[in-house]
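Numbering (the working numbering), first residue to last: 35 to 695.
The beta-carbon is built from N, C-alpha and C at its ideal position, and this holds for glycine as well.
Since the model is a prediction, treat every value here as computed from it, not as a measurement.
As structure tokens, this is what we get:
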């Protein structure tokens, strides 16, 4: 039984296996046929049209212009279309011009780095075979290579969206050139061989022919010619020369301005134990760096307190109130009077005794109440100081101030114009867009340089270490910006204009320019003498020896507080206070700390903390006022010009792609 069954099974097995194999074979053949038909259908009808013929005729002229005539035959069959479109890559080494289309409406425009030629009308539909003749001229631009000339042409565009039944390219050279190297390519973009069709050169004529060219397959030719083969090419050499002259002239003018108008007189630093007569902290800050900043004005709180005009009470931790103690003398400078009014408002100049008797509440204000008033005071005071230091008391000579303005204008214009020219030469951007890019770059470098100059002027009015670190940081930022600029606009293989002279002169400008602008404004003789005295006073605060300080304190017990506002302007309050650690100094009568323990035990080092807290409290409410004012709206294809021989299909004049719509 078992043997019989086994025998039966063995006899049936070959029949069963053969049947299954036959079925699999039938399935495989059917599937292959399906794939073939699907591929055939996809190749010819997925876009609803076919391309029976694509014929390109190119006349190359001795002046490196190439007159293209493209005869494109498409078959729309029974599916209606409006027409076809061609897109030709824009390039920095050539220009496309004189576009014409025979017997059809058409439109041209630039889009995504391509020159688009859209043939047909949205109001008209077409069926069946249509033949389009598109003409255009490509103007090559003279390259920078003095060793050879080049011809790099795309015949059949590598982005055509259907197969082409019959493709032909005919190139008519102006004469039978003796090519140093001539290479032919066909295939999809990036192909380095001739994959489809044949190329043939017969004297001054080169012909390419191919049948059943797959979709997105193009054909191109690359040749190296003896230097001088092209004559009369479009040249932007004058723009390059203009750029060189522009940068060189800008650099020389800045240097001459510095030599003739920007030289400082000799500064003699005298020994000073007090600020020069009549100078407030605002004056000292202005004289030392030419600006009035927040710390100069904030120091005025302590100047007024030391003079006995106000007292300062820390009624809560880091919360202060200011009380008026008397009338401000008319002899005080306009900047001090404006600051006093910023604290106390309209009651600042009312008779003190009258207010004390009739309305004493107006004599005291808190930091939270003075934000808006101090905001406007901080805006007004710099102009008041500028007015005071005018005429015969100008800090800087008129000529040097003019030289500084001209120098900064040059430092804006040169990068702006250089960028505009380089982008116009190296990219497909229009001159208008190149100019806009230049404007942005010029403003960027001007802002960086102004920052460096401002830090330079601050070098005597802040801690040396902090200024040095800040200056080093901004120099580093500036250096990276310059290197990035040179890499992108001068050295980059795609965007850069590879010319050693331009690179060198631009680097020289970016190095020399800031060095010339640092200290371009030169002091008048009067200002230089006063500046030397202020520096001498600053040096004493920094370097004073204990025995000298003890001697001064003995003659003036309030000496520490007399100098304190000025030490704050110089950023040396902690250093100044540290010199009095071994000298008995009483707590000032004009300051009441929040912590009662500090009343019992007073250390002059605490004054540094107090000054910083007052400054922070006032600047915070000012910034809040500014923010509120702002919220309410009351505040102000690619042509290769190199001889690398690395051309490929889709890498020359013309090319691009297209299809139907």
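In this structure, does DSSP put residue 133 in helix, strand or coil? It is a strand residue.
Own chain, CB closer than 7 angstroms to residue 401, minus 5 neighbours either side, in chain order: Its chain contains 353, 354, 651, 652, 655 as the residues whose beta carbon lies nearer than 7 angstroms to that of residue 401, once the 5 sequence neighbours on both sides are disregarded; these appear in chain order.
Buried or exposed by the 16-neighbour rule on C-beta atoms within 10 Å, applied to residue 593: Residue 593 is classed as buried because its beta carbon has at least 16 other beta carbons within 10 Å across all chains shown.
At what residue ranges does the region 145-202 contain a whole run of the beta strand (DSSP E), taking only runs of 3 or more? 148-154, 163-174, 182-190
Given a cut-off of 8 angstroms, decide if residue 118 and residue 166 are closer than it, judged by their beta-carbon atoms. yes
Pull up the distance between the alpha-carbon of residue 78 and that of residue 192, whole angstroms please. Confidence is the limiting factor: at residue 78 the pLDDT is only 46, short of 50, which leaves the residue's position unreliable, though a coordinate-based value still follows. Going from the Cα of residue 78 to the Cα of residue 192 covers about 17 angstroms.
Proximity below 8 angstroms, CB of residue 637 to CB of residue 554: No, Cβ-Cβ distance for residue 637 and residue 554 is not below 8 angstroms.
State the start and end residues of the unbroken beta strand (DSSP E) segment that holds residue 694. Looking at the DSSP string, the run of the beta strand (DSSP E) that includes residue 694 is 691-694.
Hey, could you find the ends of the beta strand (DSSP E) residue 246 is sitting in? 239-247
Just to confirm my understanding: we take residue 399, look at its own chain, exclude 5 residues before and 5 after, and list those with CB closer than 7 angstroms. What are they? 355, 356, 377, 378
What are the boundary residues of the alpha helix (DSSP H) that residue 371 is part of? 368-378
Please determine if the region 276-283 and the region 448-467 are in contact, where contact requires at least 3 C-beta pairs separated by less than 8 angstroms. Yes, the region 276-283 touches the region 448-467.
Using only the alpha-carbon positions, how far apart do residue 692 and residue 551 sit? Whole-angstrom Cα-Cα distance: 54 angstroms.
Buried or exposed: where does residue 571 fall if 16 or more other Cβ atoms within 10 Å of its Cβ makes it buried? buried
Measuring straight from C-alpha to C-alpha, what distance separates residue 695 and residue 100? 28 angstroms
Please tell me whether, using a cut-off of 7 angstroms, the distance from the CB of residue 568 to the nearest non-hydrogen atom of the ligand ATP is below it. As far as ligands go, the structure on display features none, and thus does not contain the ligand ATP.
Quick one: using the 10 Å Cβ neighbour count with 16 as the cut-off for buried, is residue 624 buried or exposed? buried
Are residue 107 and residue 123 close, meaning C-beta to C-beta below 8 angstroms? no
Could you give the distance in angstroms between the alpha-carbon of residue 406 and the alpha-carbon of residue 414? 13 angstroms
Residue range of the unbroken beta strand (DSSP E) whose run includes residue 586: That residue, residue 586, is in no beta strand (DSSP E); its alpha helix (DSSP H) goes 580-589.
Boundaries of the beta strand (DSSP E) in which residue 102 is found, first to last residue: 99-109
Kindly indicate which residue of 491, 444, 465 has the alpha-carbon position closest to the one of residue 479. Nearest C-alpha to residue 479: 444.
Give the DSSP-derived three-state secondary structure of residue 348 in the structure shown. strand
Hey, residue 336 and residue 574: beta-carbon distance below 8 angstroms or not? Cβ atoms of residue 336 and residue 574: not closer than 8 angstroms.
Mind reading off the beta-carbon distance from residue 208 to residue 94? Whole number of angstroms is fine, and I expect it under 8 angstroms. 6 angstroms
Determine the direct distance from the alpha carbon of residue 300 to that of residue 412, and round the result to whole angstroms. 33 angstroms
Where does residue 643 sit, in a helix, a strand or coil, going by DSSP? helix
Less than 8 angstroms between C-beta atoms, sequence neighbours within five positions excluded: which residues of the same chain meet that for residue 83? 108, 109, 110, 111, 113, 115, 196, 694
Using the three-state DSSP reduction, which class does residue 293 fall into: helix, strand or coil? helix
Out of 370, 403, 383, which one is the CA nearest neighbour of residue 659? 403
Secondary structure at residue 535, three-state DSSP: helix, strand or coil? In the structure shown, residue 535 sits in a helix (DSSP, three-state: H, G or I).
Residue closest to residue 629, alpha-carbon to alpha-carbon, out of 350, 567, 488: The shortest C-alpha to C-alpha distance from residue 629 to any of 350, 567, 488 is the one to 350.
Once DSSP output is grouped into helix, strand and coil, what is the label at residue 611? helix
Which of the three DSSP states is assigned to residue 387 in this structure? Three-state result, residue 387: helix.
CA-CA distance, residue 294 and residue 430? 14 angstroms
Alpha carbon of residue 381 to alpha carbon of residue 321, nearest angstrom: 31 angstroms
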